[in-house]
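Each step along the sequence shown adds one to the number in my numbering, with nothing skipped, and position 45 is 48. Even for Gly, the Cβ is constructed at its ideal location relative to N, Cα and C.
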Amino acid sequence: MNADPLELQKFSELAHRWWDPTSEFRPLHEINPLRLEWINARAPLAGHKVIDIGCGGGILAESMARKGANVTGIDLSEKALKVADLHSLETGVPVRYKLIAAEEMAAQEAGQYDVVTCMEMLEHVPDPGSIVRAAAALVKPGGHVFFSTINRNMKAYLHAVIGAEYLLRMLPRGTHDYEKFITPAELSQYVRSAGLQVESLKGMGYNPLTKFYSLNSDTSVNYLMSTTRPL
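#1: Report yes if the CB atom of L227 is closer than 8 Å to the CB atom of V148, and no otherwise.
#2: Taking three-plus beta-carbon pairs below 8 Å as touching, is the stretch 104-118 in contact with the stretch 88-96?
#3: Along the chain, which unbroken stretches of the alpha helix (DSSP H) at least 4 residues long are found entirely within the stretch 120-151?
#4: For a test of the three-state rule: what should DSSP assign to T231, helix, strand or coil?
#5: Curious, which full-length alpha helix (DSSP H) runs of at least 4 residues does the stretch 200-226 contain?
#6: On the CB-based measure, 16 or more other CB atoms within 10 Å of its CB, does A87 come out buried or exposed?
#7: Counting only runs that start and end within the stretch 4-76, where is the alpha helix (DSSP H) found for 4 or more residues in a row?
#8: Measuring only the C-alpha atoms, how far is N154 from A64?
#9: Could you round the C-beta distance between L141 and E27 to whole angstroms and report it? I think they count as a contact, below 8 Å.
#10: Determine the contact status of M4 and A83, defining contact as a CB-CB distance below 8 Å.
#11: Compare the beta carbon distance of A139 and C121 with 8 Å and say whether it is the shorter of the two.
#12: Per the contact definition of three or more C-beta pairs closer than 8 Å, is the stretch 34-49 in contact with the stretch 5-18?
#13: Taking the alpha-carbon of V194 as reference, which of G60, S80, T231 has the nearest alpha-carbon?
#14: Taking the alpha helix (DSSP H) that L89 belongs to, which residues open and close that run?
#15: Cutting at 7 Å between CB atoms, please list the residues of its own chain near K205, excluding the five before and the five after it.
#16: When DSSP labels each residue in this structure, what does V118 get in the three-state scheme?
#17: Our contact map puts E126 next to I77 with C-beta atoms below 8 Å; I'd like the distance itself, whole angstroms only.
#18: Compare the C-alpha of A68 against each of L79, H90, K85 and name the closest.
#19: Given a threshold of 16 other Cβ atoms within 10 Å of its Cβ, counted over all protein chains shown, does A109 qualify as buried or as exposed?
#20: Using a Cβ-Cβ cut-off of 7 Å (strictly less than) and excluding sequence neighbours within five positions of E158, which residues of its own chain qualify?
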């Protein structure tokens, strides 16, 4: 199984707070509108079949369903999926959630999705390349695959670990392991090896004074990558 048991335990213990916008998941709530519109601008979601790998409590999955997509969310945290499923029932926004690894899902439903998303997850697994290959297998020819993760350099360490976890306390200490951060060049190599093409790269920044996130051209810390599977 391509998962770190300690990572799963960490997020499972916080699962009940997933939909609390003032909790440890506040950053996810704040960046979700940005990443949602970025995805929708490149691959209009309405009427399309979408799968979110590492969906957690369903923040992105449910927002894509609100856009009119037919969404499946997969994760290996049973507690997070229960929270996601309950929230879907409460809001009346239908999302299919499954407790399954991306690689197993790719074996079962290869080439069945118009859009695949894998956001803020690659830096938490032992073998990110395997996840990228699974994403590439799940998407239809001509479809889109979106990733977001954290660059690996001193600036990223200072911002994503020291700043976010210790100084601003936006995230619990230990949320990120610097050694698991992935450079855009490394992710691009995973993508190309999986048979995908890089379409665009975007940075995401945070202003601690205004407390607002924004998309920009600076990929030195958080970044998003848009890819396609050739026809």
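The short version:
#1: no
#2: Not touching, per the Cβ criterion.
#3: As far as the stretch 120-151 is concerned, its whole alpha helix (DSSP H) runs of at least 4 residues are 131-141.
#4: T231 sits in a strand when the DSSP states are folded into three classes.
#5: Fully contained in the stretch 200-226 is no alpha helix (DSSP H) run of length 4 or more.
#6: buried
#7: DSSP runs (the alpha helix (DSSP H)) wholly in the stretch 4-76: 8-16, 29-45, 62-69.
#8: 24 Å
#9: Their Cβ separation, rounded to whole angstroms, is 29 Å, which puts L141 and E27 out of contact at 8 Å.
#10: no
#11: no
#12: no
#13: T231
#14: 81-94
#15: W41, L218, Y226, L227
#16: strand
#17: Incorrect: roughly 18 Å between the Cβ atoms, too far for contact.
#18: Residue nearest to A68 within the set L79, H90, K85 is H90 (criterion: CA-CA distance).
#19: buried
#20: The sequence shown places Lys at residue 158, rather than the Glu named in the question. Counting only Cβ-Cβ distances below 7 Å, and skipping sequence neighbours, we find S223, V224.
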